[in-house]
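Read the structure below first, then the notes.
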Amino acid sequence: MDRAYIVEQLQLIVEKFGLDISEDAISAAVGFSEFKVYSKGQLLGKIGEGSSVAGIVMSGVVRSFYVDSDGNDITQYFASEGSICIDEGLMGFTERVAMWESLEESTVMLFKASDMKDLIFGDEHLKTVWIALLEEALRYKIYRENGFLVENATERYLAFRKRSPELASRIPQRYIATYLGIKPESLSRIRSALKEEEEQ
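Taking my numbering, the leading residue of the sequence shown gets 80, the next gets one more, and so forth.
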């Protein structure tokens, strides 16, 4: 991929999320990164692997997930364009704590977590941006936990659809179901009931 094109695409992502990151900082990050295309269904990382490398999704969608002792697939998080993925190393973990899978053909910007943290902590402005991103990650975690504590399955689905309308139409329903903590057939019933209500 052409370096100027990559920087331009990252600038568009930065603008989309309302982040204030300079072109110099973006160019520096591109300088220590590589870009890899993952096919649909390909794993980006496995539990227990080293977590020195992290990534940003340039195009496509990936998810983090677990498989419990009963063999149930549990989706933790979806990452689409502009989102950080395989991010355990950025959060201080030395090993992967989840599986990461590409749900579409996805291009991911890969970099050493240590290189990115050196860039961030060497710039006061980038530190402010990083704190804002960590705060957003914490809000997301609280939102997820509250959903399972106080919302029923229909309410969780509606909240997901409101928060991520594009993902609700892009991601296979079976993965959305595992994200919501329900069976795919339960999600089908919820969607059918909501469709009937909307048509009345």
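Ideal Cβ placement from N, Cα and C applies to all residues, glycine included.
- [ ] May I ask you to list the residues that DSSP assigns as paired with residue 143?
- [x] The residue given as residue 143 occupies position 64 in the sequence shown. DSSP, once it has assigned bridges, lists 156, 179 as partnering residue 143.
- [ ] Check the DSSP bridge columns for residue 278 and list the partner residues they point to.
- [x] As a working note, residue 278 is residue 199 in the sequence shown. In the DSSP output, where bridge partners are listed per residue, residue 278 has none listed.
Open item on the list: Looking only at its chain, what residues have a beta carbon closer than 8 angstroms to the beta carbon of residue 285, apart from the 5 residues adjacent to it on each side?
Closed with: Limits of the chain in this structure are 80 at one end and 279 at the other, which puts residue 285 out of reach.
Open item on the list: Distance check for residue 208 and residue 100, CA to CA, integer angstroms please.
Closed with: As a working mapping, residue 100 is identified with position 21 in the sequence shown. As a working mapping, residue 208 is identified with position 129 in the sequence shown. Going from the Cα of residue 100 to the Cα of residue 208 covers about 8 angstroms.
Task: First through last residue of the alpha helix (DSSP H) which encompasses residue 215 - done: What you label residue 215 is simply residue 136 of the sequence shown in a count that begins at 1. Element bounds for residue 215: 203 to 229.
Open item on the list: For a test of the three-state rule: what should DSSP assign to residue 98, helix, strand or coil?
Closed with: Sequence index remark: in the sequence shown, residue 98 carries index 19 (1-based). Note: residue 98 maps to coil in three-state DSSP.
Task: DSSP state of residue 239 mapped onto helix, strand, coil - done: Taking the sequence shown and counting its residues from 1, one reaches residue 239 at position 160. In this structure, residue 239 counts as helix in the three-state DSSP scheme.
- [ ] Would you grab the beta carbon distance between residue 169 and residue 188 for me? Rounded to a whole angstrom, and I think it's under 8 angstroms.
- [x] Counting from one through the sequence shown, the residue named residue 169 turns up at place 90. Counting from one through the sequence shown, the residue named residue 188 turns up at place 109. With a Cβ gap of about 13 angstroms, residue 169 and residue 188 do not count as contacting.
Open item on the list: For residue 162 and residue 136, which I take to be in contact (beta-carbon distance under 8 angstroms), what is that distance rounded to the nearest angstrom?
Closed with: Locating residue 162 in the sequence shown gives position 83, counting from the first residue. Locating residue 136 in the sequence shown gives position 57, counting from the first residue. Between residue 136 and residue 162 the Cβ distance is about 5 angstroms, and since that is below 8 angstroms, they are a contact.
Task: Buried versus exposed, by CB contacts within 10 Å (16 or more), residue 227 - done: Here the question's residue 227 lines up with position 148 in the sequence shown. By the neighbour-count rule (16 or more Cβ atoms within 10 Å), residue 227 is not buried but exposed.
TODO: Could you check what DSSP says for residue 125 in three-state terms: helix, strand or coil?
DONE: Here residue 125 refers to the residue found at position 46 when the sequence shown is read from its first residue. Reduced to three states, the DSSP call for residue 125 is coil.
Task: residue 213, buried or exposed, once every other Cβ within 10 Å from all chains shown has been counted against 16 - done: Locating residue 213 in the sequence shown gives position 134, where the first residue counts as 1. Exposed, because fewer than 16 other Cβ atoms sit within 10 Å of the Cβ of residue 213.
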